[in-house]
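In this note's numbering, the protein residues as written are 76 to 334. Just so it is clear, CB atoms sit at the ideal spot from N, CA and C, and this is done for glycine as well. Bear in mind that the values here come from a model prediction, so they are computed numbers and not experimental data. What follows is one structure encoded as structure tokens, with my remarks underneath.
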Ligand SMILES: Nc1ncnc2c1ncn2[C@@H]1O[C@H](COP(=O)(O)OP(=O)(O)OP(=O)(O)O)[C@@H](O)[C@H]1O
Ligand SMILES: [Mg+2]
């Protein structure tokens, strides 16, 4: 179930380029943490280090430590595939497998972990995951139709169902609503609110109202200039970050005064 993430002294590189410098933070279980900051400050890069997706990019690497409860996810004996099962990810653009049915999309990841899952167990998992993603009622009569035939908001909820079907402890979401209309956005926000009872959730968003609405804690990242690494400027209770942050840089950002 939901686990705590503890990051200490993390530096993130693409080859020689230091993209994110010296981040330490704690991400609490059963809560929503928002990452905010201007474009290019390293939010997505840092997010991907939390489930070892970063190293999939050739030449990319990290220095420092990320603990998932008591597991050092960069430890020598740790399998990155296992880390990604524990720490699921939902991307900006909904990416269901287009030719796969809705049913098969939901079960795809879970099937990889358990190839001999019975039909009854699979049916149950599909229904539970789709219910959990607030999508069941909309798709229960067309489970065998392709995932690509759903609306953008439905596809995003399908991706959330797929991510939760493997029963991760943490869900990372990189701008999950940026391609959605306001109604679908609210549907996803409601869902995030519900999911936090069971998961540790991290969401990257450019939408400040969204950060204020959905998150318990907010981390503000910034960079000193082009070519400079992104840094964590300040992290705290969302209400405090948006009303009386400690740092002038944070204040400038949240009030729309950049630089
Ligand atoms: N695959 C890559 N190879 C090299 N550099 C990269 C790669 N991906 C990102 N970067 C660089 O790392 C830095 C941080 O990028 P990142 O995408 O993490 O920013 P971001 O805060 O998510 O921005 P946005 O809000 O626009 O999504 C940028 O300077 C970017 O150009
Ligand atoms: Mg990004």
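Straight-line spacing of the CA atoms in residue 201 and residue 325 works out to 42 Å. Between residue 245 and residue 150 the beta-carbon gap is near 17 Å, outside 8 Å, which marks them as no contact. The beta carbon of residue 310 is closer than 6 Å to those of 100 and 294 in its chain, skipping five residues each way along the sequence. Excluding sequence positions up to five before and after residue 183, its CB lies less than 6 Å from no other CB in the same chain. Using a cutoff of 7 Å, the CB of residue 280 does not count as near ligand 1, since none of the ligand's heavy atoms is closer than that.
Distance from the C-beta of residue 118 to the nearest heavy atom of ligand 2 is below 7 Å.
Straight-line spacing of the CA atoms in residue 165 and residue 332 works out to 30 Å.
Distances between the C-beta of residue 154 and the heavy atoms of ligand 2 are all 7 Å or more.
Taking C-beta atoms as the reference points, residue 225 and residue 218 fail to come closer than 8 Å.
Note that the segment 88-97 does not touch the segment 142-157; fewer than 3 beta-carbon pairs, one per stretch, sit closer than 8 Å. Unbroken beta strand (DSSP E) stretches of 3 residues or longer found wholly inside the segment 232-315: 245-249, 275-279, 292-298 and 305-312, given in chain order. In this structure the segment 107-122 touches the segment 283-290; the number of beta carbon pairs closer than 8 Å is three or more. Residue 260 counts as buried, since no fewer than 16 other beta carbons sit within 10 angstroms of its beta carbon. Between residue 228 and residue 263, the alpha-carbon positions lie close to 8 Å from each other. In this structure, residue 253 has its beta carbon at no less than 7 Å from each heavy atom of ligand 1.
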